[in-house]
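Undergrad: Taking the working numbering, the leading residue of the sequence shown gets 16, the next gets one more, and so forth.
Quick one: the structure is below, and I'll ask about it shortly.
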Amino acid sequence: MRRLLLLGLCLLPLTAQKKWSDEEVMAVHRSALLIDGHNDVTSRTVRGWDIASEKDARHTSIGKLRAGGTGAQFFAAYVSVNFIDSGGSARRALEMIDTIRHDIVARHPDHFVLATTAAEIEAARRAGRIAALIGIEGGHAIENEPRLLRAFYDLGVRYMTLTHTRNLDWAGSSAEKEERGLNGLGRRIIAEMNRLGMMVDVAHVSDRTFWDVLEASRAPVFSSHSSARALSNIPRNLSDDQIRAIAKKGGLIMINLGCEFISQRSADTSPWINPSLPKNARCEQATLEEVVAHFEHIRRIAGVDFIGLGSDFDGVSCTPKGLEDVSKWPNLTRALLERGFSPDDIRKIYGGNFLRFMRAVEQAAR
Ligand SMILES: [Zn+2]
C-alpha cells in the first residue's frame, strides 16, 4: 500500500497538470512585459485609418492592444519591393516612419510613446503606455546607400529586415529561386548597422544570406517574425541549424503567428505558398496547440532564452484559432502554462529575452 502511494506521488507531476484559474493566468500575463517584434497595421494607418478606431479594425487597434496587455510593439515601416522598379523606396520608408511617429504615437499620447532603447521600453511600461518601436522591412529602403542607415536611425528606426521578397544588389531573399548571399556592400551595411546599434533582422533572407550575416555581424542577430521549419516547412521559417546558430550568438527567434508559419496543414492548403491553388482558396486555420509546439521545439533544441513573439498581425491573412488578434495574447499564456512553461519562462519569452538581446546590440555599438 505504502509502495503504491509512493508510486502514485511520483507519477503525479506527470499525469496531473496544474489547473490555472483565469485570475492566475492573468496575474502571470500582467507580470510579463509583452514585446511583439512585428506588426503591419501601419499599412492601414498610412492610408488614413485611425488605430484608435474599432470600426474596420482587423488584428490591431488601441482597444485590442490594451485588452491583450501589449507592453511594446514594433511597427513595420514596410516598403514594397515594387518600389525597387519604380524608384522611391527611401521616400516610402519615410512615409511609413511618419505614420508610426505621427498617426500612431503623436496622435495618441495617452497610449503610446516612441521608444528607441531597452531602457525606454521599460520606462514606457512604468508610465502606463505602450512602447512603440520602428523596424524597417526591406533593405531596399536605403537604396544601396549605407549613409541612409544613420538618417533612419536618427528617426528612431531600431531594426532593419534585410530583404523582403526580392533579391537586392547586396543580399538575397528567401522568396527567390536564385540563392544570393551577402556581397561586399552587404557586409558594409551590416558593419554600419552594428556600429549604430540597429538590430539586424534575418526574417525574409535566403539561407545563403543568413549564414553570411551570421558570420559578418559583430552583434547578435534575430528574426523579428519567423517560426520553425521543422514544424512548417516553408522558406520563411528557420531550420534547426539556423535556430541553434542564432541562439549561440545570443540572438532571438520571434515566432510568427501566421497560419502557414505555424502549421504544415495550413501551408499545404495556402494559395500564397502553393500558387497553383485557386487564388480564393482558404488555408486551413492553425490551432493554439500548433503554436505552442513551436515554443516547445525551440526550447528543446536551443533553450527558452532564445524565443520571442513576432506576431505579424495585420500582415498575414490567416491567424490561429484562439490567437486571432492582439487582444488574444492571454490565451497563449494559458496554453503555455498548461504545457508546463513556468511563469519565469513566460516572462523571458514575452519580453525578457528581447530586452537582453536589444541591450547586447546597444552594448556592441559602444
Ligand atoms: Zn514580413
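Yeah, the Cβ is synthetic: ideal placement off N, Cα and C, and Gly gets one too.
Remember, it's a predicted structure, so these values are computed and weren't measured experimentally.
Can you tell me which of the three DSSP states M10 falls into?
TA: The structure shown does not extend to residue 10, since the chain spans only 16 to 381, so no value can be given for it.
Undergrad: Here's the rule I'm using: 16 or more other beta-carbon atoms within 10 Å means buried, otherwise exposed. How should D71 be labelled?
TA: Exposed, by the Cβ-count rule.
Undergrad: Can you check whether the CB of E207 is closer than 7 Å to the CB of P161?
TA: Yes, Cβ-Cβ distance for P161 and E207 is below 7 Å.
Undergrad: Less than 7 Å between the beta carbons of K79 and V341, yes or no?
TA: Yes, these two residues count as a Cβ contact at 7 Å.
Undergrad: Going along the chain, which residues of its own chain have a beta-carbon closer than 6 Å to the beta-carbon of L227, five neighbours each way excluded?
TA: Per the sequence presented here, residue 227 reads as Asp, with Leu not at that position. Answer for D227: G196, L197, listed in chain order.
Undergrad: The beta strand (DSSP E) with F127 in it runs from where to where?
TA: Run containing F127: 127 to 129, per the beta strand (DSSP E) assignment.
Undergrad: Using the beta-carbon count (16 or more within 10 Å), is Q378 buried or exposed?
TA: Exposed, by the Cβ-count rule.
Undergrad: Where E152 and R349 are concerned, what is the direct C-alpha to C-alpha distance, given to the nearest angstrom?
TA: In a straight line, the C-alpha of E152 is about 31 Å away from that of R349.
Undergrad: Looking at C-alpha atoms only, which residue of R165, L211, G154, N209 is the closest neighbour of A218?
TA: Checking every option, the nearest Cα to that of A218 belongs to G154.
Undergrad: Figure out for me which residue from G103, V306, P358, R315 has the closest Cα to the Cα of E339.
TA: If we check each option's Cα against that of E339, V306 comes out closest.
Undergrad: Could you compute how far the alpha carbon of R355 sits from the alpha carbon of S46?
TA: Looking at the sequence itself, residue 355 is Gly, so the reference to Arg does not match. Going by the C-alpha atoms only, they are around 17 Å apart.
Undergrad: Comparing the C-beta of S221 with each C-beta of chain C, is any distance below 7 Å?
TA: Judged by its chain identifiers, the structure shown contains no chain C, having just a single protein chain.
Undergrad: Give the DSSP bridge partners of A91, in chain order.
TA: Beta-bridge pairing links A91 to G150.
Undergrad: Give me the residue from L183, L211, G212, K192 with the minimum Cα distance to G199.
TA: Nearest C-alpha to G199: L183.
Undergrad: Look at the alpha carbon of G330 and the alpha carbon of V96, and state the distance between them as a whole number of angstroms.
TA: Whole-angstrom Cα-Cα distance: 15 Å.
Undergrad: Let me check one thing: in DSSP terms, what residues is K79 bridge-paired to?
TA: Beta-bridge pairing links K79 to no other residue.
Undergrad: Would you mind reading off the limits of the alpha helix (DSSP H) that contains T114?
TA: It is not in any alpha helix (DSSP H) - T114 carries neither H nor E in the DSSP assignment.
Undergrad: What are the uninterrupted segments assigned as alpha helix (DSSP H) that are 4 or more residues long and contained completely in the stretch 189 to 237, given in chain order?
TA: Complete alpha helix (DSSP H) runs here, min 4: 199 to 211, 222 to 231.
Undergrad: Fully enclosed by the stretch 135 to 179, which alpha helix (DSSP H) runs are 4 residues long or longer?
TA: As far as the stretch 135 to 179 is concerned, its whole alpha helix (DSSP H) runs of at least 4 residues are 162 to 169.
Undergrad: Going by C-alpha to C-alpha distance, which of L211, T180, M214, R210 sits closest to V220?
TA: Here the closest residue by C-alpha is T180.
Undergrad: Please report the Cβ distance between A156 and L129, rounded to the nearest whole angstrom; I am assuming they are in contact, meaning their Cβ atoms lie under 8 Å.
TA: The pair is not a contact, with the Cβ atoms about 19 Å apart (cut-off 8 Å).
Undergrad: Between the beta-carbon of A12 and the beta-carbon of L370, is there less than 7 Å?
TA: Nothing in the structure corresponds to residue 12, since the chain is present only between 16 and 381.
Undergrad: If you check the beta carbons only, do L253 and R259 fall under 7 Å apart?
TA: Not a contact, by the Cβ cut-off of 7 Å.
Undergrad: Quick check on DSSP: helix, strand or coil for K33?
TA: Three-state DSSP puts K33 in coil, outside helix and strand.
Undergrad: Examine the Cβ distances between the stretch 107 to 123 and the stretch 57 to 65 and report whether three or more of them are shorter than 8 Å.
TA: Because the criterion of three Cβ pairs below 8 Å is met, the stretch 107 to 123 and the stretch 57 to 65 touch.
Undergrad: When you compare only the Cα positions, how much space is there between L211 and D51?
TA: Their Cα atoms are separated by approximately 22 Å.
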